[in-house]
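Start counting the sequence shown at 2; every next residue gets the next number (our numbering).
The beta carbon of each residue, even a glycine, is placed where N, CA and C say it ideally should be.
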Amino acid sequence: MEPSRGGPDLREAHRFAVEAAQAAGRLLRRGTRGDVHARVKNDTGDLVTDLDLAAERLIVDRIRARWPEHGVIAEEGGEYAPDTAFAWLVDPLDGTNNVAIGLPAYVVGIALCDNGSPVLGVVHDPVAGRTWSAVRGRGAFVHTSGAAGRPLRAAHRPVPPAPVLAWTQGHEVRRDDSTARALKVVLDTTARRVLQLWAPLLSWVMLARGDIDGIVGYRPEAVDLPAGMLLAVEAGMAVRALDGGTFDDRYGCPADQRSFVAGPPETIDRLVKLVTAAQWIEPQVRRLTPVSLGSVGW
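Pasting the structure below:
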């Protein structure tokens, strides 16, 4: 993809995004040392805290001060002038549900998109004090606290007899969604382990490092997808649509076009074959009625 004319210097934008994510991470790290008060923000049961809002405000204010002509699409605050060629996507606290229960598994995600496609992505882990980033066509990088990035390339892993996979799904996916349930049945009966981290950007980091064998995403959230996906791709991973076709990486695609499978190039075809097997059992899954928690007194 040719970059749009008049765009920002990606080297400068890269440094800016890394510094902004790390600053937000310091805010989150301090905030999680005390009591965290979470509240439900919508009818899906998803949570938000004051830390989400404060970290988002820090990042968005920096972006709007430096590039007021750019759009910003933020997880909690919505859109700011999104009808521009360049738009920043901000997930200030990916893993809010983890923070709410005291689990230290959360990250900050920032992406810059050019006409919808990510050209820059940053993921910062405040707990580990490490940052991962990627620039389209220039590779992926890992940063230690206060240090410049060094190249990141996923280590080669032997082809496993049973893979370790991560699963992610969007907040709007219903419990009785037959496709999601069929995919989970296939993964649970085939993979050695299926991780459900409640922080998809952490899964993308693990894939980019070569720690896991793949990720399957069903109708995932749009804001955190571009940064993680670009990181994995620039680290050498492949991303496909669930049917094995080309994945459309543009932000704003409908939820049913965001489903994906990602993994090493040498095993991506096997992963696609694995998830497409779900279509054969979906009719049987559709006939099964999920247990209602209300019926057991929850």
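Item, Value
"Validate contact between the segment 123 to 142 and the segment 258 to 275 using beta carbons, cut 8 Å, 3 pairs", "no"
"Anticipated Cβ contact below 8 Å, Leu203 with Val108, distance rounded", "6 Å"
"Endpoints, beta strand (DSSP E) assigned at Ile216", "Gly215 to Tyr219"
"Cβ contact (3+ pairs, closer than 8 Å) linking the segment 70 to 88 and the segment 52 to 62", "yes"
"Sequence ranges, beta strand (DSSP E) only - wholly within the segment 227 to 267, length at least 3", "239 to 242 and 261 to 264"
"Helix, strand or coil at Glu222 according to DSSP, with G and I counted as helix", "coil"
"DSSP three-state assignment for Ala156, whether helix, strand or coil", "coil"
"Leu1 and Trp133 closer than 9 Å at C-beta", "The structure shown has nothing for residue 1, since the chain only spans 2 to 299."
"Val37 - DSSP class collapsed to helix/strand/coil", "coil"
"Cut-off 6 Å between Cβ atoms - residues of its own chain near Val187, not counting five sequence neighbours on either side", "Ala278 and Ala279"
"Straight-line Cα distance separating Glu20 from Arg287", "47 Å"
"Which residues DSSP lists as bridging Arg151, in chain order", "Val143"
"C-beta contact flag for Pro227 and Ala192 at 9 Å", "no"
"Heavy atom of the ligand FAD within 8 Å of Val174 beta-carbon", "Among the components of this structure there are no ligands whatsoever, and the ligand FAD is therefore not found."
"Given 8 Å, three or more beta-carbon pairs between the segment 204 to 212 and the segment 246 to 257", "no"
"Stretch pair the segment 154 to 174 + the segment 77 to 87: three plus CB contacts closer than 8 Å", "no"
"Residue from Arg251, Asn43, Gly237 and Ala55 whose Cα sits closest to the Cα of Arg154", "Gly237"
"Alpha-carbon spacing of Met207 relative to Ala18, whole angstroms", "20 Å"
"Inter-residue Cα distance where the pair is Thr247 and Ala14", "28 Å"
"Per-residue DSSP class, three states only, for Ala135", "strand"
"Through-space distance from Pro221 to Gly26, alpha-carbon basis", "23 Å"
"Residue of Gln285, Pro266 and Arg34 minimising C-alpha distance to Ala156", "Pro266"
"8 Å contact criterion, which Trp168 and Val217 should meet: CB distance rounded", "6 Å"
"Distance between Trp68 and Asp189 (C-alpha atoms, nearest Å)", "45 Å"
"Length of the line joining the Cα atoms of Val240 and Thr97", "26 Å"
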